[in-house]
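Chemist: Residue numbers (this note's numbering): 552 to 721. Glycine is no exception: its CB is placed at the ideal position from the N, C-alpha and C atoms.
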């Protein structure tokens, strides 16, 4: 499949990649809609034990339609840690970390798995805010203000790469 062209930027340290994915807030889900790129920014959670990124959204709409028609996808997660100036303009750089994951999208119809994924998202984005765990019934019955049910879906990862340009030590 794909490999990182600039090997000196490749990150293979799994603990560093895991820590990055735990704190990164936004991923960009790349899909193909009738031959045109369709990229959606969204919240996500990586569940290593399942080898998948989990997301949620309305059970209808363009994103869901596109995923049903063509389930191959990629997810890009990236964060900039600032500009690294250099006296030579061509050597000015950016400190960053990024992860690219490739795989197939799947709906998560199993209520136990869906609830676990939604709980993991709550733990990531609002840690300690709720007094009790998310109830399965909430995931099953929730409707948005527009009447849409919440759908939980995942990107089952077949290939993942990571790159970084670390902040220089002073």
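1) Using only CA atoms, which one of 670, 688, 692 lies nearest to residue 682?
2) Taking buried to mean at least 16 other C-beta atoms within 10 Å of its own C-beta, is residue 568 buried or exposed?
3) Since residue 668 and residue 608 are thought to touch, with beta carbons under 8 Å apart, how far apart are those beta carbons, to the nearest angstrom?
4) What's the gap between the Cα of residue 598 and the Cα of residue 652?
5) So within the segment 556-598, which uninterrupted alpha helix (DSSP H) runs reach at least 4 residues, ignoring any that extend past its ends?
6) Rank 706, 713, 718 by C-alpha distance to the C-alpha of residue 560 and give the top, closest one.
7) Near residue 707, which residues of its chain fall below 7 Å by C-beta distance, leaving aside the five closest residues on each side in sequence?
8) Can you grab the Cα-Cα spacing for the pair residue 551 / residue 554, in whole Å?
9) How many Å lie between residue 612 and residue 619 at the Cα?
10) By Cβ distance, which residues of its chain are closer than 6 Å to residue 629, with the 5 residues on each side in sequence left out?
11) Pick out whichever of 690, 716, 564, 592 has its Cα sitting closest to the Cα of residue 659.
Modeler: Per the coordinate set shown:
1) 670
2) buried
3) Not really, about 12 Å apart at Cβ, beyond 8 Å.
4) 13 Å
5) 565-574
6) 713
7) 602, 603, 654, 655, 657
8) No statement about residue 551 is possible, as the shown extent of the chain runs from 552 to 721 and does not include it.
9) 11 Å
10) 649
11) 690
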